[in-house]
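K.L.:
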Amino acid sequence: MRATGPQDKGNEQQNMGAKMKEDNAKIKENFKDIDKKLIVLSNKGGVGKSTVSLNLANYFVGRGYMTGLFDADLHGPMAVKALGLENAEVKTDGEKIIPLQRNNLKVISMASFIKSPDTPLIWRGPMKMKAIKQFVADVEWGKLDFMIADCPPGTGDEPLSVIQLFDNIDGAIIVTTPQEIALLDSIKAVNFIKEMDVPILGIIENMSGFICPHCNKKTDIFKAGGGKKAAARLDVGYLGKIPLDTKLVETMDRGRNLLSRFPGSPAAEAFNNIGKIVEESFTEDE
Ligand SMILES: Nc1ncnc2c1ncn2[C@@H]1O[C@H](COP(=O)(O)OP(=O)(O)OP(=O)(O)O)[C@@H](O)[C@H]1O
Ligand SMILES: [Mg+2]
Ligand SMILES: [Zn+2]
Numbered sequence: 168m169r170a171t172g173p174q175d176k177g178n179e180q181q182n183m184g185a186k187m188k189e190d191n192a193k194i195k196e197n198f199k200d201i202d203k204k205l206i207v208l209s210n211k212g213g214v215g216k217s218t219v220s221l222n223l224a225n226y227f228v229g230r231g232y233m234t235g236l237f238d239a240d241l242h243g244p245m246a247v248k249a250l251g252l253e254n255a256e257v258k259t260d261g262e263k264i265i266p267l268q269r270n271n272l273k274v275i276s277m278a279s280f281i282k283s284p285d286t287p288l289i290w291r292g293p294m295k296m297k298a299i300k301q302f303v304a305d306v307e308w309g310k311l312d313f314m315i316a317d318c319p320p321g322t323g324d325e326p327l328s329v330i331q332l333f334d335n336i337d338g339a340i341i342v343t344t345p346q347e348i349a350l351l352d353s354i355k356a357v358n359f360i361k362e363m364d365v366p367i368l369g370i371i372e373n374m375s376g377f378i379c380p381h382c383n384k385k386t387d388i389f390k391a392g393g394g395k396k397a398a399a400r401l402d403v404g405y406l407g408k409i410p411l412d413t414k415l416v417e418t419m420d421r422g423r424n425l426l427s428r429f430p431g432s433p434a435a436e437a438f439n440n441i442g443k444i445v446e447e448s449f450t451e452d453e
């Protein structure tokens, strides 16, 4: 054993710097065939980020795009179950992790690496960053038209890691609910994204009213429609609203695709409208 001298410290820093450079080069190389990268986030939990991420991904797949779903929610991953892939095993090709795939949708989620879904994950910041880094650098993503990163609520380690590791993000989508808008809570997520210099595609108002499956009458259970106003006030785009829809819960629980199974349902129509706006925001200027 020997004491660490200043010389070693210098070497250590040099090594760390070299390692980071190597990692960054690896990430760049691995992500080079991914065309558009989106991040979905919110201020509060349970407002529908995963629902939006999944259905937007399904919209892109339906439009013929090769799409990736990056589940950055390490504590409560759900993407795999919602795709009916909870029993599928993630394989490697000896070098890289092969993402799970259904049709033109590739997905990677911590859920695939946890033995029991009831096992809670207790991770500190640096460990989260490491896991997300692996999903970025060590997964065989291949060529994708769109990559959607679903984040846990808030503006903590996961969205920060995604923003830093993805290198550049083409657009952020902020999901809120009518109650949240009333409290202007979503402002925190908007400000976070603005500070990170990520372009904001817009706000989505989820759980906005309920359309009765029996008589098709719409009831605004919570005060609906504030999303548009909030977006204007925060000077960001508005992507639309999604009503509460029992078909949405039903399909997600069973790992089914709402857009192909119930294309005429209120939520599917809303997602198609939103998907179209997002798609056109990228295809128009090309
Ligand atoms: N428009 C909707 N109509 C009916 N149910 C919905 C709607 N949006 C979301 N839900 C349901 O609400 C619950 C929470 O949605 P979801 O998991 O997408 O939220 P989240 O923001 O990702 O949550 P978390 O913060 O825990 O990651 C889910 O059970 C989902 O099926
Ligand atoms: Mg979620
Ligand atoms: Zn009714």
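When you read off a place in the sequence shown, starting at 1, and then add 167, the result is the number in our numbering.
Here a beta-carbon is modelled for each residue, glycine too, at the ideal position from N, C-alpha and C.
Say the cut is 7 Å; is the CB of LYS414 nearer than that to a heavy atom of ligand 4?
P.N.:
This structure lacks ligand 4; the ligands present are ligand 1, ligand 2 and ligand 3.
K.L.:
Assign ALA434 to one of two classes, buried (16 or more other C-beta atoms within 10 Å of its C-beta) or exposed (fewer than that).
P.N.:
It counts as buried.
K.L.:
Check MET168 in the structure and name its three-state DSSP category.
P.N.:
Its pLDDT being 46, under 50, MET168 is placed unreliably by the model, and nothing is read from it.
K.L.:
Which term fits SER328, buried or exposed, when burial requires 16 or more other beta carbons within 10 angstroms of its beta carbon?
P.N.:
Buried.
K.L.:
Could you give the distance in angstroms between the alpha-carbon of THR418 and the alpha-carbon of ASN254?
P.N.:
Going by the C-alpha atoms only, they are around 17 Å apart.
K.L.:
Classify TYR405 as helix, strand or coil using the three-state DSSP reduction.
P.N.:
DSSP places TYR405 in strand when its eight states are reduced to three.
K.L.:
Since LYS273 sits in a beta bridge, which residues does DSSP pair it with?
P.N.:
In DSSP, LYS273 forms a bridge with GLY235 and GLN268.
K.L.:
Could you tell me how far apart the beta carbons of VAL228 and ASN271 are, in whole angstroms, since I believe they sit closer than 8 Å?
P.N.:
That pair is a contact at about 5 Å.
K.L.:
Using three-state DSSP, classify THR209 as helix, strand or coil.
P.N.:
The displayed chain sequence assigns Ser, not Thr, to residue 209. SER209 falls in the coil class under three-state DSSP.
K.L.:
Less than 8 Å between the beta carbons of GLN346 and PHE302, yes or no?
P.N.:
Going by C-beta atoms, GLN346 is not nearer than 8 Å to PHE302.
K.L.:
Could you check if PRO293 is buried or exposed, using at least 16 other CB atoms within 10 Å of its CB as the buried criterion?
P.N.:
It counts as exposed.
K.L.:
For ILE281, report the span of its alpha helix (DSSP H) as first-last.
P.N.:
Neither: ILE281 is in no alpha helix (DSSP H) and is coded neither H nor E.
K.L.:
In terms of residues, what are the limits of the alpha helix (DSSP H) holding THR455?
P.N.:
For residue 455 there is no data in the structure shown, the boundaries of the chain being 168 and 453.
K.L.:
What does the alpha-carbon distance come out to for the pair GLU196 and LEU415?
P.N.:
Straight-line Cα distance between these residues: approximately 37 Å.
K.L.:
Rounding to the nearest angstrom, what Cα-Cα distance links TYR232 and PHE313 in this structure?
P.N.:
Cα-Cα distance, rounded: 7 Å.
K.L.:
Only counting the same chain, and skipping five residues up and downstream in sequence, which positions put a Cβ closer than 7 Å to that of LYS263?
P.N.:
So the list reads ASP305, VAL306 and GLU307, once near-sequence residues are dropped.
K.L.:
Which residue comes first and which comes last in the beta strand (DSSP E) that contains PHE489?
P.N.:
Outside the displayed range of the chain (168 to 453) lies residue 489, so it cannot be described from this structure.
K.L.:
Could you check the C-alpha separation between ASN424 and MET245 for me, to the nearest Å?
P.N.:
Approximately 14 Å between the Cα atoms of the pair.
K.L.:
For THR259, which beta-bridge partners are listed by DSSP?
P.N.:
Bridge partners of THR259: ILE264.
K.L.:
How about ASP337 and PRO366: are their beta carbons less than 8 Å apart?
P.N.:
For ASP337 and PRO366, yes; Cβs fall inside 8 Å.
K.L.:
For a quick check, are the C-beta atoms of PRO371 and LEU406 less than 8 Å apart?
P.N.:
The sequence given here places Ile at residue 371; Pro does not occur at that position. Taking 8 Å as the Cβ cut-off, ILE371 and LEU406 qualify as a contacting pair.
K.L.:
Is it buried or exposed, MET168, if we count other Cβ atoms within 10 angstroms and call 16 or more buried?
P.N.:
Its pLDDT being 46, under 50, MET168 is placed unreliably in this model, and the value from its coordinates should be taken loosely. Exposed, by the Cβ-count rule.
K.L.:
Could you check what DSSP says for ILE336 in three-state terms: helix, strand or coil?
P.N.:
Coil.
K.L.:
Which partner residues of VAL306 appear in the DSSP bridge assignment?
P.N.:
In DSSP, VAL306 forms a bridge with ILE264.
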